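Participant: Supplied in structure tokens, the structure appears directly below.
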Amino acid sequence: MIGVFDSGVGGMTVARAIEQLCPGLPLIYFGDIARTPYGSKSPDTIIRYSRNNTDFLLEQGAEVIVIACNSASSTAADALRANYRVPILDVITPATRKAAQISDSGRIGVIGTRATVKSGMYPRRIHESRPDAEVISQACPLLVPLVEEGWLSQRETKMILRRYLQPLRRRQIDTLVLGCTHYPLLKHLITPRIGRRVRLIDSSIEMASFVCEFLDRDPAMKERLCNSGKNSRFYVSDTTEAIEQMAARIFGRPVELHTV
Ligand code: DGL
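Pasting the structure below:
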């Protein structure tokens, strides 16, 4: 199975995108609701939690680990790769690859949690494929709680977004990476505020195509996973009604969450 973990249910945007792009691929998802958010935690804590999550997914039979969380990808991916032998796919690599490839001007904006922005991982990765790029990063710590409250169209959310996006507008970016699991749910508000000519990169969609490409390079593994007869399973370390609603909003259907 493909193991996917996130600090909460936001990573289901990645699981959903994988489901749509690679139908029939069984996923095992773990959302660490009890310890969310990761975006405001220290690197040591994020690494420790990410190890716990990886151990859980491996115990459940995962053969590949997808870090759906941007905060964990930017902070813990290298530590996980150094400690585990299974492939570890982080959500940052595919998004930065795409940004470097499609930006005309090389002025690329990145929005994410404080932990993601502080790690400097997005600019580092973009510069690896495009050294001339000018990367403008903006931490948007208020967006995760707004999305989790379901405030997807409220006036206050629009005002906060306008304020966060202002510096990126001023620098005339032509590409904006949505570097957080929750931001795809705000695309409809981001587009008109950043400007319609700015291309948005949804890291969940890029991650899903990266997973498909990864499996296409290993057809034996792909066949084994797709024909395993297993169904996708979703685990969380805690749940509430709001969490269940958010999971259903992301998948467009009720999702059975098992608490561990
Ligand atoms: N999943 C986190 C991310 O993508 C957002 C929520 C959190 O801070 O834990 O960065």
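Here the sequence shown is numbered in the working numbering, starting from 214 and rising by one per residue. Beta carbons are placed, not taken as given, at the ideal position from N, Cα and C, and that holds for glycine. For clarity, every value in this text was computed on a predicted model and none was experimentally measured.
1. Are the stretch 309 to 321 and the stretch 399 to 406 touching, with three or more C-beta to C-beta distances below 8 Å?
2. Hey, Leu240 and Val277 are a contact pair by Cβ (cut 8 Å); roughly how many whole angstroms apart?
3. Do the CB positions of Thr329 and Asn266 come within less than 9 Å of each other?
4. For Glu426 versus Arg384, is the C-beta distance shorter than 9 Å?
5. Under 8 Å: do the stretch 331 to 346 and the stretch 369 to 380 share three or more Cβ pairs, one atom per stretch?
6. Tell me which residues share the same chain as Leu428 and place their Cβ nearer than 8 Å to its Cβ, disregarding the 5 neighbours each side in the sequence.
7. Any idea what DSSP makes of Arg412, helix, strand or coil?
8. Determine, using beta-carbon pairs with one atom in the stretch 407 to 427 and one in the stretch 346 to 360, whether at least three such pairs fall under 8 Å.
9. Phe243 and Leu270 look like a contact to me (Cβ under 8 Å); what is the Cβ gap, rounded to whole Å?
10. With distances taken Cα to Cα, identify the nearest neighbour of Pro250 among Ala312, Arg294, Pro354, Lys311.
11. His340 lies in the alpha helix (DSSP H); which residues open and close that run?
12. In angstroms with no decimal places, state the Cα-to-Cα distance between Ile280 and Val304.
13. Between the alpha carbons of Met459 and Leu365, how many angstroms are there, rounded?
14. Taking DSSP as the reference, what is the three-state secondary structure of Tyr396?
15. Report the rounded CA-to-CA distance for Val227 versus Arg343, giving the unit in angstroms.
16. Consider the C-beta atom of Pro250 and the heavy atoms of ligand 1; say whether any pair is separated by less than 8 Å.
17. Just to confirm, is the Cβ distance from Phe423 to Leu302 under 9 Å?
18. What does the alpha-carbon distance come out to for the pair Arg382 and Thr326?
19. With a threshold of 16 other CB atoms inside 10 Å of the CB of Thr472, please say whether the residue is buried or exposed.
Facilitator: For this structure:
1. Not touching, per the Cβ criterion.
2. Their Cβ separation, rounded to whole angstroms, is 10 Å, which puts Leu240 and Val277 out of contact at 8 Å.
3. The answer is no: Cβ separation not under 9 Å.
4. Taking 9 Å as the Cβ cut-off, Glu426 and Arg384 do not qualify as a contacting pair.
5. Fewer than three beta-carbon pairs drawn from the stretch 331 to 346 and the stretch 369 to 380 are found closer than 8 Å, and the two stretches are therefore not classed as touching.
6. Within the same chain, Leu428 has close Cβ partners Cys235, Leu238, Met434, Lys435, Leu438.
7. The answer is strand: DSSP assigns Arg412 an E or B state.
8. Counting Cβ pairs under 8 Å, fewer than three are found: no touch.
9. Taking 8 Å as the upper bound for CB-CB distance, Phe243 and Leu270 are in contact here, some 6 Å apart.
10. Its Cα nearest to that of Pro250, the residue Pro354 stands out among Ala312, Arg294, Pro354, Lys311.
11. Element bounds for His340: 334 to 342.
12. Using only the alpha carbons, I get a separation of about 6 Å.
13. Their Cα atoms are separated by approximately 11 Å.
14. If DSSP states are grouped into helix, strand and coil, Tyr396 belongs with the helices.
15. Inter-residue distance for Val227 and Arg343 is about 25 Å (C-alpha atoms, whole angstroms).
16. Yes.
17. Between Phe423 and Leu302, the CB-CB gap stays under 9 Å.
18. Rounded to whole angstroms, Arg382 to Thr326 spans 19 Å at the Cα level.
19. Exposed, because fewer than 16 other Cβ atoms sit within 10 Å of the Cβ of Thr472.
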